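Going letter by letter, the sequence shown gives residues 510 to 959 in this note's numbering.
Note that the Cβ used here is the ideal one computed from N, Cα and C, for glycine as well.
This structure is a prediction, so every number in the text was calculated from the model and none was measured.
Below is one structure; the comments refer to it alone.
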Amino acid sequence: MTGLRIELRRSTALWAGLVVLVSGTGMLALITSETARWTGNSTSALLELRLPLAYVWALVVGLAVFQGMRDSRAGVTELFAATSRPGWVRLGTLASAVAGVVAVATAVLCAGMVAKVALGGGFISLGFIPLMVTVVLALASSVLLGLAVGRLLPHPLTVPVALVATFMVATTAGRALEAESPDDEISRLALLTPVLDPPGSDLLTTSTSVDLGQILWFTGLGVTAFLLLVARTHLGRLTALVPAGLAAALALSIMPVKYSDVLVTDSIGSRPVCEGEVCVSQVHAGSLPAVAAAGRDALAKLAVLPDAPTGVREDTSAMAHLVAPQRSRQIIYVPSQGHLRVLKMTPDQIRLELLAGGGVATCSGPNSFNTYEGVVRYVTAGYFNGELAPLASEPLMWNNSRLRGEIDDAWQQFRRQSPQDQLKSVAQARQMLLECQDSERVLDVLRATR
Numbered sequence: 510m511t512g513l514r515i516e517l518r519r520s521t522a523l524w525a526g527l528v529v530l531v532s533g534t535g536m537l538a539l540i541t542s543e544t545a546r547w548t549g550n551s552t553s554a555l556l557e558l559r560l561p562l563a564y565v566w567a568l569v570v571g572l573a574v575f576q577g578m579r580d581s582r583a584g585v586t587e588l589f590a591a592t593s594r595p596g597w598v599r600l601g602t603l604a605s606a607v608a609g610v611v612a613v614a615t616a617v618l619c620a621g622m623v624a625k626v627a628l629g630g631g632f633i634s635l636g637f638i639p640l641m642v643t644v645v646l647a648l649a650s651s652v653l654l655g656l657a658v659g660r661l662l663p664h665p666l667t668v669p670v671a672l673v674a675t676f677m678v679a680t681t682a683g684r685a686l687e688a689e690s691p692d693d694e695i696s697r698l699a700l701l702t703p704v705l706d707p708p709g710s711d712l713l714t715t716s717t718s719v720d721l722g723q724i725l726w727f728t729g730l731g732v733t734a735f736l737l738l739v740a741r742t743h744l745g746r747l748t749a750l751v752p753a754g755l756a757a758a759l760a761l762s763i764m765p766v767k768y769s770d771v772l773v774t775d776s777i778g779s780r781p782v783c784e785g786e787v788c789v790s791q792v793h794a795g796s797l798p799a800v801a802a803a804g805r806d807a808l809a810k811l812a813v814l815p816d817a818p819t820g821v822r823e824d825t826s827a828m829a830h831l832v833a834p835q836r837s838r839q840i841i842y843v844p845s846q847g848h849l850r851v852l853k854m855t856p857d858q859i860r861l862e863l864l865a866g867g868g869v870a871t872c873s874g875p876n877s878f879n880t881y882e883g884v885v886r887y888v889t890a891g892y893f894n895g896e897l898a899p900l901a902s903e904p905l906m907w908n909n910s911r912l913r914g915e916i917d918d919a920w921q922q923f924r925r926q927s928p929q930d931q932l933k934s935v936a937q938a939r940q941m942l943l944e945c946q947d948s949e950r951v952l953d954v955l956r957a958t959r
């Protein structure tokens, strides 16, 4: 313990821990807005930490490399080699000090984010623990690797090269893990880094195969790094590579290839919380009263349709932030992921969103715009509402004079029909939306032009 206290005072251990806390907190403050999703779920909070980790990771590795060069800079390498005390004991104490402080600082940073979620009234579950273990292992093993590199390559350029190389690996891995479709293939090698671009959803987490693979890899990397740090012979250094090689092979064998297998639905946070026939996820349980009131009203108005929907559910599917919302004849799905924040709307706004399309969501994917589809949503919502009203999800169409004109024209054509024909048109349009038929044809049905 005496040696450990000495290393804590004389090494960069405390500085490395401070870098983790200060830089991690600072980067999170820079990228976090008032509408950030991660503050509502502890699992999402730990995923959000993966974004600034690219910078923190590089800084920590740079400090570790600098610390590993200490004996060489002081010119005492041969002196320590000649002492009777085993070298692995002294180097092990140094490694324990630096890696231990970084691990503790990382755990404190993770705990702080979870505490922020809890203090803000967010949802807390044990699902964040595998994510925290992965981050802690990643930084601790990287510190050990940095110490080993600094000791083996004591050159003035080693520190800047290691820092820049780590940052480049992190940014390259982040880009390799980006996806625009659930079927996009990602790089398994990129999953061997702790970096991950957080999804636009607070209902997702990494899959079990990703968690196990990363924990296995970072554990093997840490063992190899420590053996490299204390090895004195070329044979010993070659042998030290075995744990990392085996861990990498095993990790890559279980890592997924498709993006849809990297991120999965948070099974705990997405459990339904219901009020009658209306359900939302546990993460969004605070929105249930507003959604329930709007949902019951919408279901009552939609009851005039043949084979009308009987329930309202939040869409908690894993890839909802990348694909078109779910559609069902019996269930109205409430989109809550991506940029559309339906659960944050007022009850009246939610009711209009549920009525639009006759209770059927759009066929367009997130961040896409279809004029015909938008007009259909306005006209169908207006039919059940009794008059046209702005849809919070389509403010551009309502506020744009040209698009507003198209809505008004379609509404006037629709209103010229008899009440029986209006109901028949809406029912037919709903059926076409369920089948994702061409939106222009759906609009023609509402306008009675075909």
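Is V813 helix, strand or coil when you go by DSSP?
Looking at V813 - three-state DSSP - the assignment turns out to be coil, as it is neither helix nor strand.
Where does S934 sit, in a helix, a strand or coil, going by DSSP?
Residue state, collapsed to three classes: helix.
Considering only DSSP beta bridges, list what V951 is partnered with.
None; V951 has no bridge partner.
Taking I540 as the reference, which of R559, L654 and I777 has the closest Cα?
Closest by alpha carbon: R559.
Whose CA, out of A817, G868, F878 and S710, lies closest to the CA of S826?
Out of A817, G868, F878 and S710, S710 has the C-alpha closest to the C-alpha of S826.
Please list, in chain order, all residues of the same chain as T871 whose beta carbon is under 6 Å from its beta carbon, the five residues on each side excluded.
Correct list, in chain order: E882.
Could you give the DSSP three-state label for L772: helix, strand or coil?
In this structure, L772 counts as strand in the three-state DSSP scheme.
Can you find the residues in the same chain that come closer than 7 Å, C-beta to C-beta, to C945, ignoring five residues on each side of it along the sequence?
Result list for C945: C872, in chain order.
Only counting the same chain, and skipping five residues up and downstream in sequence, which positions put a Cβ closer than 6 Å to that of F727?
Correct list, in chain order: L646, A647 and S650.
So the candidates are G731, V739, I763 and H743; which of them puts its Cα closest to the Cα of P752?
Nearest option by C-alpha distance: G731.
Quick one: Cα of D947 to Cα of V652, how far?
Those two C-alpha atoms are separated by around 56 Å.
Within its chain, find whatever has a CB closer than 7 Å to the CB of P815; leave out the 5 residues flanking it on each side and keep chain order.
Answer for P815: A936, listed in chain order.
Mark Q909 as exposed unless 16 or more other C-beta atoms lie within 10 angstroms of its C-beta, in which case mark it buried.
The sequence given here places Asn at residue 909; Gln does not occur at that position. The residue in question, N909, is exposed, as its Cβ has fewer than 16 Cβ neighbours within 10 Å.
Taking Cβ to Cβ, would you say V611 is nearer than 9 Å to A525?
In contact: V611 and A525 (Cβ atoms closer than 9 Å).
Which class does S593 belong to by DSSP, given the choice of helix, strand or coil?
Below a pLDDT of 50, predicted positions are generally treated as unreliable, and S593, at 46, falls in that range; the measurement from the model is reported next regardless. If DSSP states are grouped into helix, strand and coil, S593 belongs with coil.
Are there 16 or more other CB atoms within 10 angstroms of the CB of H483, so buried, or fewer, so exposed?
Since the first residue of the chain shown is 510 and the last is 959, residue 483 is not available in this structure.
Any heavy atom of the ligand ADP closer than 8 Å to the Cβ of A616?
As far as ligands go, the structure on display features none, and thus does not contain the ligand ADP.
To the nearest angstrom, report how far apart G745 and L661 are at their CA atoms.
Taking the straight line joining both Cα atoms gives about 13 Å.
For V585, which residues in the same chain have their Cβ closer than 8 Å to its Cβ, ignoring the five residues on either side in sequence?
Because V585 sits at a pLDDT of 43, beneath the cut-off of 50, its placement in the model cannot be relied upon, and the following sentence gives the value as read from the coordinates. Within the same chain, V585 has no close Cβ partners at all.
Does the pairing of the region 844-862 with the region 789-805 give three or more beta-carbon distances under 8 Å?
Contact between the region 844-862 and the region 789-805 is present, because at least three Cβ pairs lie under 8 Å.
Determine the extent of the beta strand (DSSP E) in which V843 is found, giving its start and end residues.
Where V843 is concerned, the enclosing beta strand (DSSP E) stretches over I840 to V843.
Per DSSP, what kind of secondary structure is G584 in: helix, strand or coil?
At G584, the pLDDT of 46 sits below 50, so the modelled position is not reliable; the number obtained from the coordinates is stated separately. In this structure, G584 counts as coil in the three-state DSSP scheme.
First and last residue of the alpha helix (DSSP H) that includes R741?
Taken as a continuous stretch (DSSP letters only), R741 belongs to no alpha helix (DSSP H), as it is neither H nor E.
Pick helix, strand or coil for N550, following the three-state DSSP scheme.
Note: N550 maps to strand in three-state DSSP.
Spatial neighbours of V832 within its chain, please: C-beta separation below 6 Å, excluding the five flanking residues on both sides.
Counting only Cβ-Cβ distances below 6 Å, and skipping sequence neighbours, we find G874.
In angstroms, rounded to a whole number, what distance separates the CA positions of T715 and Q931?
So the alpha carbons of these two residues sit roughly 47 Å apart.
Pick out the complete alpha helix (DSSP H) segments inside the region 855-943, 4 residues or longer, and give them in chain order.
Here the runs fully enclosed are 856-864, 880-894, 904-908, 910-924 and 928-943.
Considering only their Cβ atoms, is the gap separating G535 from L738 smaller than 9 Å?
Going by C-beta atoms, L738 is not nearer than 9 Å to G535.
If you draw a straight line from the alpha carbon of C783 to that of L797, how long is it in whole angstroms?
Each residue's alpha carbon lies about 8 Å from the other.
By alpha-carbon positions, which one of P639, V813, P669 and M941 ends up nearest to L721?
L721 has its Cα closest to that of P639, out of P639, V813, P669 and M941.
Once the 5 residues before and after M906 are set aside, which same chain residues still bring their CB inside 6 Å of it?
Excluding sequence neighbours, M906 sits near G883 and L912.
Have a look at F893, G914 and V888 and flag the residue whose alpha-carbon is nearest the alpha-carbon of V954.
Taking only the C-alpha atoms, the option nearest V954 is V888.
Using CA coordinates, which residue listed in T681, A682, T680 and G655 is at the minimum distance from P669?
That would be G655, whose Cα lies nearest to the Cα of P669.
Indicate whether the contact test is met: 3 or more Cβ pairs, each with one atom in the region 674-694 and one in the region 601-616, closer than 8 Å.
With a cut-off of 8 Å, the region 601-616 and the region 674-694 do not count as touching, because too few Cβ pairs lie within range.
Please classify Q929 as buried or exposed, where buried requires at least 16 neighbouring CB atoms within 10 angstroms.
Burial call: exposed.
Run through DSSP, which three-state label would L635 get?
Of the three classes helix, strand and coil, the one that applies to L635 here is coil, per DSSP.
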